[in-house]
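**Student:** Chains as they are written, first to last, in the working numbering: chain A, 7 to 440; chain B, 7 to 440; chain C, 7 to 440.
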Amino acid sequence: MLELTALQTETQTLIDAINTTWVLVVTFLIFFMHAGFAMLEAGQVRSKNVSNQLTKNLLTWSVGVSVFFLIGAGIDSLVGGGGFAPAFGYEAPADWITWLYGAVFAMTAATIVSGAVAGRAKLRAYVAYTFLLAAVIYPVVSGMAWYDAGLLGIDGFVGSTFGVAFDDFAGGTVVHAMGGIAGLTAAWVLGPRIGRFNDDGSANVIPGHSMTFAVLGTLMLAFGWYGFNVGTSAIFNGEGAFLGEQLGRVAMTTTLAMASGAMAAGGVAWAKTGKVDTLYVANGLLAGLVGITAIPHAATWWGAFLVGGVAGAQLPIVFSIVEKRLNIDDVCAVFPVHGSAGVIGTLMLPIVVAPSYLGNTSRVDMFLAQLTGVVVIVAWTVVTTGLIWGALKALGQARVSREHEQEGLDVSEHGVETYPEFGDEGAAVADGGT
Amino acid sequence: MLELTALQTETQTLIDAINTTWVLVVTFLIFFMHAGFAMLEAGQVRSKNVSNQLTKNLLTWSVGVSVFFLIGAGIDSLVGGGGFAPAFGYEAPADWITWLYGAVFAMTAATIVSGAVAGRAKLRAYVAYTFLLAAVIYPVVSGMAWYDAGLLGIDGFVGSTFGVAFDDFAGGTVVHAMGGIAGLTAAWVLGPRIGRFNDDGSANVIPGHSMTFAVLGTLMLAFGWYGFNVGTSAIFNGEGAFLGEQLGRVAMTTTLAMASGAMAAGGVAWAKTGKVDTLYVANGLLAGLVGITAIPHAATWWGAFLVGGVAGAQLPIVFSIVEKRLNIDDVCAVFPVHGSAGVIGTLMLPIVVAPSYLGNTSRVDMFLAQLTGVVVIVAWTVVTTGLIWGALKALGQARVSREHEQEGLDVSEHGVETYPEFGDEGAAVADGGT
Amino acid sequence: MLELTALQTETQTLIDAINTTWVLVVTFLIFFMHAGFAMLEAGQVRSKNVSNQLTKNLLTWSVGVSVFFLIGAGIDSLVGGGGFAPAFGYEAPADWITWLYGAVFAMTAATIVSGAVAGRAKLRAYVAYTFLLAAVIYPVVSGMAWYDAGLLGIDGFVGSTFGVAFDDFAGGTVVHAMGGIAGLTAAWVLGPRIGRFNDDGSANVIPGHSMTFAVLGTLMLAFGWYGFNVGTSAIFNGEGAFLGEQLGRVAMTTTLAMASGAMAAGGVAWAKTGKVDTLYVANGLLAGLVGITAIPHAATWWGAFLVGGVAGAQLPIVFSIVEKRLNIDDVCAVFPVHGSAGVIGTLMLPIVVAPSYLGNTSRVDMFLAQLTGVVVIVAWTVVTTGLIWGALKALGQARVSREHEQEGLDVSEHGVETYPEFGDEGAAVADGGT
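(1) Between residue 23(A) and chain C, is there a C-beta pair that is closer than 8 Å?
(2) Let me know if residue 369(B) comes out buried or exposed under the rule of 16 or more other beta-carbons within 10 Å of its beta-carbon.
(3) Between the C-alpha atoms of residue 11(B) and residue 269(A), what's the straight-line distance to the nearest angstrom?
(4) Under the three-state reduction of DSSP, which class applies to residue 98(A): helix, strand or coil?
(5) State the beta-bridge partners of residue 369(A) as determined by DSSP.
(6) Which residue's Cα is closest to the Cα of residue 367(A): 168(A), 238(A), 246(A)?
(7) I need the straight-line Cα distance from residue 431(B) to residue 423(B), nearest angstrom please.
(8) Using CA coordinates, which residue listed in 377(C), 142(C), 134(C), 35(C) is at the minimum distance from residue 397(C)?
(9) Report yes or no: is there a C-beta of chain B within less than 8 Å of the C-beta of residue 262(A)?
(10) Which partner residues does residue 69(B) have in the DSSP bridge list?
(11) Could you give the distance in angstroms between the alpha-carbon of residue 8(B) and the alpha-carbon of residue 361(A)?
(12) In angstroms with no decimal places, state the Cα-to-Cα distance between residue 420(C) and residue 121(A).
(13) When the cut-off is 8 Å and only beta carbons count, does residue 72(A) lie next to chain C?
(14) Please name the residue in 254(A), 260(A), 293(A), 394(A) whose C-alpha comes closest to that of residue 97(B).
(15) From the DSSP output, in three-state form, read off residue 13(A) for me.
(16) Put residue 141(A) into one of helix, strand or coil per three-state DSSP.
(17) Using a Cβ-Cβ distance under 8 Å, would residue 286(C) count as near chain B?
(18) What do you reckon, are the CB atoms on residue 386(B) and residue 147(B) nearer than 8 Å?
(19) So, helix, strand or coil for residue 229(B), using DSSP?
(20) Using the Cβ count rule (16 or more neighbours within 10 Å means buried), how would you classify residue 335(A)?
(21) Suppose contacts are defined by Cβ-Cβ distances below 8 Å. Is residue 171(A) in contact with residue 158(A) by that definition?
(22) Let's test the definition: count the other Cβ atoms within 10 Å of the Cβ of residue 441(C) and tell me whether it reaches 16, buried, or not, exposed.
(23) Since residue 257(C) meets chain A, which of its residues come closer than 8 Å, beta carbon to beta carbon?
(24) Smallest Cα separation from residue 379(A): which of 57(A), 151(A), 78(A)?
(25) Give me, in chain order, the residues of the same chain whose beta-carbon lies closer than 6 Å to that of residue 266(C); leave out the 5 immediate sequence neighbours on both sides.
(26) May I ask you to list the residues that DSSP assigns as paired with residue 449(B)?
(27) Can you check whether the C-beta of residue 20(C) is within less than 8 Å of a C-beta belonging to chain B?
(28) Can you find a C-beta in chain B that's less than 8 Å from the C-beta of residue 222(A)?
(29) Does the beta carbon of residue 420(B) sit closer than 8 Å to a beta carbon anywhere in chain A?
(30) Using a Cβ-Cβ cut-off of 7 Å (strictly less than) and excluding sequence neighbours within five positions of residue 127(C), which residues of its own chain qualify?
(31) So which residues of chain A does residue 351(C) contact, with C-beta pairs closer than 9 Å?
(32) Where DSSP assigns a beta bridge to residue 248(C), which residues make up the other side?
(33) Can we say the segment 102 to 109 of chain B touches the segment 317 to 325 of chain B, given the rule of at least three CB pairs closer than 8 Å?
(34) When the Cα atoms are used, what is the spatial distance from residue 85(B) to residue 93(B)?
(35) Quick check: the segment 41 to 59 of chain B against the segment 218 to 230 of chain B, are at least 3 beta-carbon pairs closer than 8 Å?
(36) Just the chain B side, please: which residues come within less than 7 Å of residue 254(A) by C-beta, in chain order?
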């Protein structure tokens, strides 16, 4: 392994080393988003369901990354036109860096779903779905979108039809919209939590137990997101050219879209109620990030403000539609934050694209390529997710019992209390203290 | 954008790539300090004001970074002698990396203020002040201090007068003292929270709601601070020389000063009360970091212990003076932690400077340059901050009403409860559980 | 310091710069593990002892890193055969990067102990032990294990005897087992918390106060662990060869072992009780990480699953033995998580080693080298730790009084309340709010 000669430490090796260093660091940052999601979701659920939410997050990563190693990465390359090449069969250990880099994106899609089905999904149902998402659902999406020969790639159906590939830089649709739409679908099949809606269809608010954890999670996610977006650009491309210009643009657009999303969501909430709802500001910041994630390499600075602003402003509105019109109980608002925001940003590319990036491409062709990609990914996600949760429901395995839901999933599924010293009934403890 | 030739992947490009990789990573770390400040401040306010504090932190970043993009960076270069060059006008996208790198320092200064005015400032007043800080107040300071042609630079007034520039490596005065002094000034204009002081001038303690969040924030800040201090050194300088010696010294002094600050503050608290107050240890660790931030590139190892120790030891004493003599309600102790600690460290340079760094410079000239810089920055900050908050106060826009303050800002300004399931009155919820 | 010539920016300098950049970043990540340990431990103690636990974490770092600078690094090099070379005497400031890199590993060992002795150890006793651990106990271990000329090195006793050195890549035994065994020893000498065991030897559960903080800490640790394990590999070795293969293997095995540990611990808990205990899943994830830490550079992919699985599965079993058979009150389960998991993983090397790494080495020799290293390190740790805590106990300085323990250490040792607004008796506050 170490028998390299000094000759190899030439320019190409230095380039590989710099790219490798960068990829490892951003992979670690993206992994840290799991801690962010855990806190964001834990803060938004009731205290009787916090440990359940945390366990789901731990198992999403543990089960998902194992399955993605054994199966998912193979499906991804298969759909991308490279044959079934699972990660355990890699001959060069260095390729496991690329595998892990792909895995942290895959696991981000997976973990989004848990926020939508909080408070009533059975743990085993959620784990089963995560297994299938990591093995097949997500890898088919990434394989279609992120290989030249994939269905949405330049050499695939979309490229042949429109002369331009579906363009999703860091996964605004591939990762976030996919996760957000899967979450909405699962929440729809599963039905709402007890008491969430009245018989006349009007909604009751079930507030989360800790705004502090929710905002902590938001800021941890924003930190990891710099890895997610900026880290999607290598330092050098395959021809050895330094990508400083691309890195700079992505860093700028990611920053401005996140800022704009927070201000827009807070502003809409303020216009509607006269108060600046903290959770809308936080989720708006995330929606702004989601909105730019497909196109941070291509947007202008004003485009970043615009995309982030639209993604933030639609949040209170779309959340209200999901709640009041569709009566779907999307506990952590994953559809407006990840689903609609991701789709909107992906489709806005032709409007906000920098001239230097657009070149001679027709904005119409660009839009049609984006639209086709979105439609295909949404359809695939809705159908597969609906079938799986529908089957689990038909088997009576999707949801915990009414008693367990009321008691809280922490006790019924995990046998623990999250805060044994706080709340109505303090647990009796042995040491006599308070 | 990608049309570079292979020729460019020569040594200079490799150097640029390594510097770029480093700058991006440390920028992300410094951004993460916002999460740290959010937790540190949230932990130190009452539970009825937590969401207000978190919202301020989210909006500090969102509003501030937008304003710094549109205006602030232009003012910074203007004051630094480079003409008004706002970030939206950059021709090379790679320069946005440098912009973002500057922005995270600027936002650190901005966010410090929110800790001082907690629990009674109106959200709109705070946001207005943040706008002006990001647009003008901070950029004037950084422009004066961090350009050769700036007032405090080697080619400016200070350099011409003393033969040596004002030396603030990572912003001990430019960022931290500026923020801490702005916070003290704003808190003074705003007046204390209801009940904080008695008619005879004696003080009442209003404890924060969670030591755990405060210490979490402290340790997140310390993590980000490695980016802040060590990351202020590039990997290579402009002549292509590797800066390993500088990086090593900064890493060492930053570590020792933080350790020394925690021990000294804890020790003084222990000497005064017989107990090792957790919050003093945490804030002492931060004060040690602030103390060394101006001079980590220049201090000896024993100097790092000394500066950190002095910065930590002054914390309980200065806090007591602010509270008991001045009767200023600096909620999160931002003046002793960021203000006085930053000034003290900046002024201690001639005492602790390593001989190799001092060279032939006179310690007296060095001290006068440091003192001049501190005086100019403090005066500018106090005057501008005092004028703005004074104007807001005169307009009746600075402070929430007495009723809103007593009820808590979470409900009155944001319409939310941070912990709806804990505390005196549990909110009625729909799902029937606890 | 900056008077380097352009000539030096040749390949070797670029290699040094890349390695330096990487080492700094992973050092910061490993430092962040202190925040993770603080949250993990805070979550697992009662609310009356949280600030005590947080203070210990802050002082572990502050005292420990100062002592390691002044003494510990010197002992490390002395035992490793390089003479007493303390860090304050380094001539090249760049070497302080290497010092800090070593220090963050040392402090990880130190901080593990605080989780075992929570809730009853005197602060001064804990600080005294930390002083000695950082000055002598840990440096002797690292000096024996991580220098060629050390007792366990290739040129030392183990290498001469078995033809192969004790192999502990990132500190599975040197750091984690050392810390876990020190914790168990200290907890044993100190005795259990009041009420933890009944007169007949049966155990009472004293639950931690917040599962959310415990899981937050777990995920922060996992993030830092990528720095800990992957960061133990340089980017280039001393001969200038790029270590991409090693980096890829370590990244993969670390990921799979962590996933496997979480699933195995959760699975065993589920098999025993029918419920998936959240804390076992979290601690199992950590045990999987500990298990692989000695051997991530050498294990196969299936070996990573196996090592992680065994490390996770033993957790509920070993915890039960410590609790029910030994009646030792290891509050945060540091022995099963760090101690036994670290030893098991270290000893499993010959079973799971990749053929390319094994080469012509005999698996028996390899096992004997591993076993010898483990025995020596365990014996040294038990004896020194037992003597120190035994001496403190004999002097009446090891444990707080019965009254202080019942009242909680936050009040008695630190004069603070962690959550003054929650719990049985709300503190009277001045501002009239809730």
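The C-beta atom is built at its ideal place from N, Cα and C for all residues, glycine as well.
**Tutor:** Once the coordinates are examined:
(1) Start at 1 with the first residue of the first sequence, and residue 23(A) comes out as number 17. So, interface residue.
(2) Indexing the second sequence from 1 puts residue 369(B) at position 363. Only exposed fits residue 369(B), as fewer than 16 other CB atoms lie within 10 angstroms of its CB.
(3) Translated into positions along the second sequence, residue 11(B) becomes position 5. Translated into positions along the first sequence, residue 269(A) becomes position 263. Below a pLDDT of 50, predicted positions are generally treated as unreliable, and residue 11(B), at 42, falls in that range; the measurement from the model is reported next regardless. In a straight line, the C-alpha of residue 11(B) is about 42 Å away from that of residue 269(A).
(4) Here residue 98(A) corresponds to residue number 92 of the first sequence, with the count starting at 1. In the structure shown, residue 98(A) sits in coil (DSSP, three-state: anything other than H, G, I, E or B).
(5) As a working note, residue 369(A) is residue 363 in the first sequence. Paired residues: none, contrary to the question.
(6) Numbered from 1 along the first sequence, position 361 holds the residue referred to as residue 367(A). The shortest Cα separation from residue 367(A) among 168(A), 238(A), 246(A) belongs to 168(A).
(7) Position 425 of the second sequence holds residue 431(B). Position 417 of the second sequence holds residue 423(B). Because the pLDDT of residue 431(B) is 43, which lies under 50, any placement of that residue in the model is unreliable, and the number read from its coordinates should be weighed accordingly. Roughly 11 Å between the two C-alpha positions.
(8) What you label residue 397(C) is simply residue 391 of the third sequence in a count that begins at 1. 134(C) is the residue among 377(C), 142(C), 134(C), 35(C) whose C-alpha sits nearest the C-alpha of residue 397(C).
(9) If you number the first sequence from 1, residue 262(A) lands on position 256. Cβ-Cβ to chain B under 8 Å: yes for residue 262(A).
(10) Counting from one through the second sequence, the residue named residue 69(B) turns up at place 63. According to DSSP, residue 69(B) bridges with nothing at all.
(11) Taking the first residue of the second sequence as position 1, residue 8(B) is located at position 2. Taking the first residue of the first sequence as position 1, residue 361(A) is located at position 355. Model confidence at residue 8(B) stands at a pLDDT of 42, short of 50, so the residue's coordinates are unreliable; what they give is reported in the following sentence. Distance between the alpha carbons of residue 8(B) and residue 361(A) is about 14 Å.
(12) As a first step, residue 420(C) is located in the third sequence; it is residue number 414 there, counting from the start. As a first step, residue 121(A) is located in the first sequence; it is residue number 115 there, counting from the start. Rounded to the nearest angstrom, the two C-alpha atoms are 39 Å apart.
(13) Here residue 72(A) corresponds to residue number 66 of the first sequence, with the count starting at 1. Cβ-Cβ to chain C under 8 Å: yes for residue 72(A).
(14) The residue you call residue 97(B) lines up with position 91 of the second sequence. Residue 254(A) is the option with its Cα nearest to residue 97(B).
(15) Here residue 13(A) is taken as the residue at index 7 of the first sequence, counted from 1. Low confidence applies to residue 13(A): its pLDDT is 38, below 50, so where it sits in the model is not reliable enough to give any reading.
(16) As a position in the first sequence, residue 141(A) is number 135, starting the count at 1. Of the three classes helix, strand and coil, the one that applies to residue 141(A) here is helix, per DSSP.
(17) For this step, residue 286(C) is matched to residue 280 along the third sequence. No, residue 286(C) does not count as interfacial toward chain B.
(18) Looking up residue 386(B) in the second sequence gives position 380. Looking up residue 147(B) in the second sequence gives position 141. The answer is yes: Cβ separation under 8 Å.
(19) Within the second sequence, the letter at position 223 stands for residue 229(B). The three-state reading of DSSP puts residue 229(B) in helix, counting H, G and I together.
(20) Taking the first sequence and counting its residues from 1, one reaches residue 335(A) at position 329. The residue is buried, with at least 16 neighbouring Cβ atoms inside 10 Å.
(21) Position 165 of the first sequence, counted from the first residue, corresponds to residue 171(A). Position 152 of the first sequence, counted from the first residue, corresponds to residue 158(A). By the CB criterion at 8 Å, residue 171(A) and residue 158(A) fall inside the cutoff.
(22) Residue 441(C) falls outside the range modelled here, since chain C spans only 7 to 440, and no answer is possible.
(23) On the third sequence, residue 257(C) is found 251 positions in, with the first residue counted as 1. By Cβ distance, chain A contributes 30, 33, 102, 103, 106.
(24) Locating residue 379(A) in the first sequence gives position 373, where the first residue counts as 1. The shortest Cα separation from residue 379(A) among 57(A), 151(A), 78(A) belongs to 151(A).
(25) The residue you call residue 266(C) lines up with position 260 of the third sequence. Cβ-Cβ distances below 6 Å link residue 266(C) to 294, 311, 314, 315 in the same chain, with the five nearest sequence neighbours on each side left out; the list follows chain order.
(26) A query on residue 449(B) cannot be resolved here, the shown segment of chain B reaching from 7 to 440 and no further.
(27) Working through the third sequence from its first residue, we reach residue 20(C) at position 14. With 8 Å as the cut-off, residue 20(C) counts as an interface residue toward chain B.
(28) Counting from one through the first sequence, the residue named residue 222(A) turns up at place 216. Yes, contact with chain B.
(29) Residue numbering aside, residue 420(B) sits at position 414 when the second sequence is read from its first letter. It does: the Cβ of residue 420(B) has a partner Cβ on chain A nearer than 8 Å.
(30) Here residue 127(C) refers to the residue found at position 121 when the third sequence is read from its first residue. The answer, listed in chain order, is 196, 404, 405.
(31) Within the third sequence, the letter at position 345 stands for residue 351(C). Within chain A, not a single residue places a beta-carbon under 9 Å from that of residue 351(C); the smallest gap is close to 17 Å.
(32) Within the third sequence, the letter at position 242 stands for residue 248(C). DSSP output for residue 248(C) lists 242(C) as bridge partner(s).
(33) No: fewer than three Cβ pairs fall under 8 Å.
(34) Counted from its first residue, the second sequence places residue 85(B) at position 79. Counted from its first residue, the second sequence places residue 93(B) at position 87. Computed Cα separation, rounded: 15 Å.
(35) Output reads yes: the segment 41 to 59 of chain B touches the segment 218 to 230 of chain B.
(36) Translated into positions along the first sequence, residue 254(A) becomes position 248. Within chain B, the residues placing a beta-carbon under 7 Å from that of residue 254(A) are 99, 100, 101, 102, 103, ordered along the chain.
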